[in-house]
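S.K.:
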Amino acid sequence: MSLASVASAERFVDLAGLLESCEVDGFHADFVSWGHYRPQYWRNYWHSHSFHEVCLAYAGEGRFNSGSTQYDVSRGDLFLARPGVVHEIESSRSDPLGIAFWGFTFRPVAADAGAGAERSASGQGWWSGLTRADGPVVSTRIGGLAAAVAGLATEAAAPLAGYQASLAALGTTLVLDTARAFALDEDLSIDPSARSRSRSRDEVVVEAMQRHLVDNLSRPVAVREVASAVHLSERHAERLFREKTGASLMATLRLMRLDLAAQLLLEGSAPVTEIARRCGYSDVRPFSTAFRSRHGQSPTAFRASGGTHHLASEG
1 MSLASVASAE RFVDLAGLLE SCEVDGFHAD FVSWGHYRPQ YWRNYWHSHS FHEVCLAYAG
61 EGRFNSGSTQ YDVSRGDLFL ARPGVVHEIE SSRSDPLGIA FWGFTFRPVA ADAGAGAERS
121 ASGQGWWSGL TRADGPVVST RIGGLAAAVA GLATEAAAPL AGYQASLAAL GTTLVLDTAR
181 AFALDEDLSI DPSARSRSRS RDEVVVEAMQ RHLVDNLSRP VAVREVASAV HLSERHAERL
241 FREKTGASLM ATLRLMRLDL AAQLLLEGSA PVTEIARRCG YSDVRPFSTA FRSRHGQSPT
301 AFRASGGTHH LASEG
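The letter at position 126 of the sequence shown is residue 126 when you use full-length UniProt numbering, and the numbering goes up by one with no holes.
(1) Using 8 angstroms as the threshold, is the C-beta distance between V6 and F79 below it?
(2) Starting from T140, trace the beta strand (DSSP E) in both directions and tell me its first and last residue.
(3) Where T154 and A165 are concerned, what is the direct C-alpha to C-alpha distance, given to the nearest angstrom?
(4) What residues are listed by DSSP as bridge partners for F104?
(5) Indicate the three-state DSSP secondary structure (helix, strand or coil) for Y45 in the structure shown.
(6) Spatial neighbours of F27 within its chain, please: C-beta separation below 7 angstroms, excluding the five flanking residues on both sides.
(7) Helix, strand or coil, according to DSSP, for G26 in the structure here?
(8) In terms of residues, what are the limits of the beta strand (DSSP E) holding Q40?
(9) For T69, list the residues DSSP reports as bridge partners.
(10) Expressed to the nearest angstrom, what Euclidean distance is found between the alpha-carbon atoms of L15 and A156?
(11) Please name the residue or residues paired with I275 in a DSSP beta bridge.
(12) Please classify D95 as buried or exposed, where buried requires at least 16 neighbouring CB atoms within 10 angstroms.
(13) Do P299 and residue 345 count as a contact pair if the criterion is CB distance below 8 angstroms?
(14) Taking H47 as the reference, which of L232, R292, H87, R82 has the closest Cα?
(15) Which ranges would you report for the alpha helix (DSSP H) in the segment 212-246 if only whole runs of at least 4 residues count?
(16) Would you list the residues sitting across from F79 in a DSSP beta bridge?
(17) Which of the three DSSP states is assigned to E203 in this structure?
(18) Given E90, which residues of its chain have a CB within under 6 angstroms of its CB, disregarding the five upstream and five downstream residues?
(19) Considering only C-alpha positions, which residue in the set F241, D177, R82 is nearest to A147?
(20) Taking the beta strand (DSSP E) that E10 belongs to, which residues open and close that run?
(21) Do F51 and R104 have their beta-carbon atoms positioned less than 8 angstroms apart in this structure?
(22) Straight-line CA distance for E267 to A158?
(23) What are the boundary residues of the beta strand (DSSP E) that E155 is part of?
(24) By the 10 Å Cβ neighbour count, where 16 or more other Cβ atoms means buried, how is D77 classified, buried or exposed?
(25) Between H212 and G246, what straight-line distance do the alpha-carbon atoms span, to the nearest angstrom?
(26) Can you look up E20 in the DSSP assignment and give me helix, strand or coil?
(27) Relative to the C-alpha of A179, which candidate in L3, L264, V24 has its C-alpha closest?
(28) List the whole-angstrom C-beta distance separating V223 from E207, where the pair is believed to meet the contact cut-off of C-beta under 8 angstroms.
This is how it looks when you write it as structure tokens:
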């Protein structure tokens with residue numbers, strides 16, 4: 001979402017009383033101010049806060065004085081006044097500055113104080129953009145902030161059922177992307193080994209194919225349909241599935257159907273013909289043949305024995 005969406009986010013100010021706090025990754029934020037200035041001449045004189053105040057310029061230009069340093073700011077800039085830093089902002093008269101701004105405290109979560117304090121002391125991570133006193137104060141790395149501001153303003157303008165969950169999610173994004181904007185590049189890098197421990201895309205795709213099979217056990221299924229569901233060619237889908245599971249798609253489908261049939265036979269009294277249909281077989285004869293091959297008994301005998309025939313030789 002572009003900065004133009006921030007220009008029309010005047011209801012951002014109505015978040016007061018609606019969104020008061022959030023928690024993100026071991027830190028707690030209390031929101032204390034929300035604001036939106038139209039692009040017209042304005043100036044707020046030297047002052048300081050006990051919290052972080054962040055401004056996103058969506059139009060015009062101006063200057064941001066932070067301590068003894070003056071910064072020229074313009075559309076697309078994000079600038080930060082850290083707690084205790086005396087600062088002032090003045091809009092240009094010829095090309096007035098328009099901003100959305102928000103203020104919040106930032107501290108380790110009490111219940112996780114050990115982890116939060118360690119993170120704060122280390123100064124390395126997405127949070128360092130807020131915890132390091134010597135970090136940047138102007139950034140163009142706005143990430144998803146424009147979308148977050150616009151989304152928050154929309155919820156504030158006309159809250160609907162579920163607005164609290166929506167505001168909490170957007171508030172977390174606001175804090176996280178604010179911190180990232182002022183973090184150093186090295187603070188945002190992650191340990192490659194941690195990423196490697198996450199599931200690969202191939203594993204996720206195979207899981208999606210397995211889910212598709214489970215969801216369609218009662219109807220005809222072809223490889224092309226499963227491949228289409230995960231946006232792969234038939235050849236690629238079949239190769240990937242076999243590589244990750246050791247079996248083909250259709251062989252896996254047959255086993256899933258027959259295992260479901262066994263469950264249905266034991267859990268209820270539905271006729272075998274009905275169970276065959278629910279497991280994708282239009283004719284009970286091939287179903288019975290396949291079931292015997294899989295479970296060692298006919299469907300009727302399996303139900304009568306309670307599926308315990310494999311224990312018959314044990315004494």
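Note that beta-carbon positions come from the ideal geometry of N, C-alpha and C, so glycine has one too.
M.R.: Looking at the coordinates:
(1) Here residue 6 refers to the residue found at position 6 of the sequence shown. Here residue 79 refers to the residue found at position 79 of the sequence shown. It is not a contact, given that the beta carbons lie outside the stated cut-off.
(2) Within the sequence shown, residue 140 is the residue found at index 140, counting from 1. Segment: none, T140 is in no beta strand (DSSP E) and carries neither H nor E.
(3) Your numbering for residue 154 matches position 154 in the sequence shown. Your numbering for residue 165 matches position 165 in the sequence shown. Their Cα atoms are separated by approximately 14 angstroms.
(4) Here residue 104 refers to the residue found at position 104 of the sequence shown. Note: F104 sits in a beta bridge opposite F31, H52.
(5) As a position in the sequence shown, residue 45 is number 45, starting the count at 1. It is a strand residue.
(6) Indexing the sequence shown from 1 puts residue 27 at position 27. Correct list, in chain order: F106, R107, P108, V109, G116, W127.
(7) Residue 26 sits at position 26 when you count from the first residue of the sequence shown. Reduced to three states, the DSSP call for G26 is coil.
(8) As a first step, residue 40 must be located in the sequence shown, where it is residue number 40. Where Q40 is concerned, there is no enclosing beta strand (DSSP E), given that its DSSP letter is neither H nor E.
(9) Along the sequence shown, read from residue 1 onward, the residue named residue 69 stands at position 69. Paired residues: S66.
(10) Position 15 of the sequence shown, counted from the start, is the residue given in the question as residue 15. Position 156 of the sequence shown, counted from the start, is the residue given in the question as residue 156. Going from the Cα of L15 to the Cα of A156 covers about 6 angstroms.
(11) Here the question's residue 275 lines up with position 275 in the sequence shown. Per DSSP, none; premise fails for I275.
(12) Taking the first residue of the sequence shown as position 1, residue 95 is located at position 95. Exposed, because fewer than 16 other Cβ atoms sit within 10 Å of the Cβ of D95.
(13) Here the chain comprises residues numbered 1 to 315, so residue 345 is not present and cannot be evaluated.
(14) Position 47 of the sequence shown, counted from the first residue, corresponds to residue 47. Among L232, R292, H87, R82, the Cα nearest to that of H47 belongs to H87.
(15) 223-229, 234-245
(16) In the sequence shown, counting from the first residue as 1, residue 79 sits at position 79. F79 is bridged to C55, V138.
(17) Position 203 of the sequence shown, counted from the first residue, corresponds to residue 203. DSSP places E203 in helix when its eight states are reduced to three.
(18) Residue mapping note: residue 90 aligns to position 90 of the sequence shown, counting from 1. Closer than 6 angstroms at the Cβ level, and outside the excluded window around E90, lie R43, G62, R63.
(19) Numbered from 1 along the sequence shown, position 147 holds the residue referred to as residue 147. Looking at the Cα atoms, D177 is the closest of the given residues.
(20) Numbered from 1 along the sequence shown, position 10 holds the residue referred to as residue 10. That residue, E10, is in no beta strand (DSSP E); it is neither H nor E in DSSP.
(21) Along the sequence shown, read from residue 1 onward, the residue named residue 104 stands at position 104. Along the sequence shown, read from residue 1 onward, the residue named residue 51 stands at position 51. According to the sequence provided, residue 104 is Phe. The question's Arg does not apply to it. Going by C-beta atoms, F104 is nearer than 8 angstroms to F51.
(22) As a first step, residue 267 must be located in the sequence shown, where it is residue number 267. As a first step, residue 158 must be located in the sequence shown, where it is residue number 158. Roughly 49 angstroms separates the two Cα atoms.
(23) Translated into positions along the sequence shown, residue 155 becomes position 155. Element bounds for E155: not the beta strand (DSSP E) but the alpha helix (DSSP H), 145-157.
(24) Position 77 of the sequence shown, counted from the first residue, corresponds to residue 77. By the 16-neighbour rule on beta-carbons within 10 angstroms, D77 is buried.
(25) Translated into the one-based positions of the sequence shown, residue 212 becomes position 212. Translated into the one-based positions of the sequence shown, residue 246 becomes position 246. The alpha-carbon atoms of H212 and G246 are separated by roughly 18 angstroms.
(26) For the purposes of this step, residue 20 is taken as residue 20 along the sequence shown, with counting starting at 1. Of the three classes helix, strand and coil, the one that applies to E20 here is coil, per DSSP.
(27) Indexing the sequence shown from 1 puts residue 179 at position 179. It is V24.
(28) Here residue 223 is taken as the residue at index 223 of the sequence shown, counted from 1. Here residue 207 is taken as the residue at index 207 of the sequence shown, counted from 1. Contact between V223 and E207 does not hold, since their C-beta atoms are separated by about 17 angstroms, which reaches or exceeds 8 angstroms.
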